Amino acid sequence: MTEKIILWGASTGRAMRAHWVLHEFGLEYQSRPIGPRTGETQTAEYLEINPKGKVPTLQHGDLTLTESVAILSYITQNFSTPSDFFVPNDRYQKARSDELTAFIAMELDAHPLYTMRRHGDLHKIYGSAPAVVDSAKEYFLKQFHAVVPDILKSQPYLMGNIPGTVDILLLTCIDWALNYKIELPSIAMNYQQRLHDRSAYQAAYNLCYLTD
């Protein structure tokens, strides 16, 4: 594939996922580091590309993707897999990866963490609701502890000995949760450090969060 890859988005965990997977796969791309709630996602130019007015957005040839999970899937399915990155190669691995993807995206990200963001960080827009925020925090911890620690007790990453897209998803949720002062067990903190140590993570972080 020779078409240019363009990635719109910076300064959010969901944009970070897209930057990170592109770096894991060693793909050259053009970064357009626009941020949410800055007005940049509401310009006529951007809304023509992504009518939802959110980030990230990935463009590759005639294809436009506007959800981080879809971007992760597209990159892993259409480019050569690095030796140190996990991509499912049979139906059972794919089913397990899909299950974890759905769990992280819905039960950790979309429901509790984004609820905390809406009624915490963005309370001036969506309204302050301390009880809702507290409930969302409790829900996050319940779901996290129901699944994650048991997996990481026996292996360093969610699908085995090397990280994959589910780890990109989970790590961004862990970073987000810690930013909200949610206390996580040491097994999660060690997992976070292993992923933070990856050169692809660090390069992606610099582009996503340290852009002028």
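If you count the sequence shown from 1, position 81 lands on 89 in our numbering, and the numbers rise without skipping. Backbone N, C-alpha and C define an ideal beta-carbon position, used for all residues, glycine too. Fair warning: this is a prediction, and the values are worked out from it, not measured in the lab.
Excluding the 5 residues preceding and the 5 following residue i in the sequence, name in chain order all residues of the same chain whose CB lies nearer than 7 Å to its CB.
i	result
A208	W28, H31 and E32
P193	P157
R202	P164
S39	L15 and L215
M124	V141, A144, K145 and Y188
I176	R25, W28, V29 and L80
L108	L166 and V174
W184	G21 and L121
D92	I170
So residue i is in the alpha helix (DSSP H); what residue range does that whole segment cover?
i	result
Y27	This sequence places His at residue 27; Tyr is not what is there. From DSSP, the alpha helix (DSSP H) with H27 extends over G21 to E32.
T180	T173 to N187
I159	P138 to S162
In its own chain, which residues sit with a C-beta less than 8 Å from the C-beta of residue i, not counting the 5 before and 5 after it?
i	result
G287	Any property of residue 287 remains undetermined from this structure, which presents the chain solely from 9 to 220.
I190	K145, F148 and L149
I13	L30, L35, E36, Y37, Q38, L66, Q67 and H68
Q151	F111, E115, L116 and P120
Am I right that residue i and residue j are in contact with their C-beta atoms under 8 Å? What's the rounded C-beta distance?
i	j	result
I195	L160	5 Å
G17	I42	6 Å
M24	T173	Not really, about 13 Å apart at Cβ, beyond 8 Å.
S76	A26	6 Å
S105	P96	5 Å
F94	V155	Their Cβ separation, rounded to whole angstroms, is 18 Å, which puts F94 and V155 out of contact at 8 Å.
T84	N58	Actually they do not touch by this definition, with Cβ atoms about 22 Å apart.
So for residue i, helix, strand or coil by DSSP?
i	result
L55	helix
I112	helix
F93	coil
T65	strand
T84	helix
I79	helix
L15	strand
If you follow the beta strand (DSSP E) that residue i is part of, which residue opens it and which one closes it?
i	result
H204	Element bounds for H204: not the beta strand (DSSP E) but the alpha helix (DSSP H), S194 to H204.
Q39	The question names Gln, yet the displayed sequence has Ser at residue 39. Run containing S39: Q38 to R40, per the beta strand (DSSP E) assignment.
L71	L71 to L73
L215	Not the beta strand (DSSP E): L215 falls in the alpha helix (DSSP H), residues S207 to Y217.
Query raised in the report: Are the stretch 61-72 and the stretch 111-124 touching by the rule of at least three beta carbon pairs closer than 8 Å?
Result: no
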